[in-house]
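Going by my numbering, the first residue of the sequence shown is number 1447, and it counts up by one from there. This report refers to the structure that appears directly beneath it.
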Amino acid sequence: MASEAIGDLKQFFSSLGGLHDVRIDSISIDVDRQTLEFATYNINAAFTNPGDPDCRPATLIFEGVNSFFMDVDMENEGIRITDVAFVAGAAVQRLEIDLNEGGGKMSRGRRSLIINFKSLQVQYGEPSSSS
């Protein structure tokens, strides 16, 4: 699988339409490695329909995660992103994610997923079943 380190996070998320309509198919956390992974079967969902040839499976790998907040309703029809907000910091980046499906009720107006991390890698290709 091809992997890419993302330098300009704002440009990356903008080029993908703010991840609008991207469905998060699996979430994996590795506390020892301080990583958080989101796998999707179509990172291009903002611009494609299911089955389009431009659908692109990918895994977002957040590295150096020192904290995250997650409020997800697992009984819904899945987890799908409305949009993302990116806040650049000197040592730590912050990504805030709104969900249009799967957002829980505990966040009370805050974004459903918030991640503080140092860097982002994207691995293109089918997500592994071990994630």
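Note that beta-carbon positions come from the ideal geometry of N, C-alpha and C, so glycine has one too. Please read these numbers as outputs of a predicted model, since none were measured by experiment.
- Runs of the beta strand (DSSP E) lying entirely within the stretch 1464–1490, each at least 3 residues long, are 1472–1476, 1481–1486 in chain order.
- In the three-state reduction of the DSSP assignment, L1462 falls in the coil class.
- CA-CA distance, R1557 to D1517, rounds to 8 Å.
- Counting along the chain, M1516 sits inside the beta strand (DSSP E) bounded by residues 1513–1516.
- Under DSSP, R1540 takes part in a beta bridge, and its partners are V1533, N1562.
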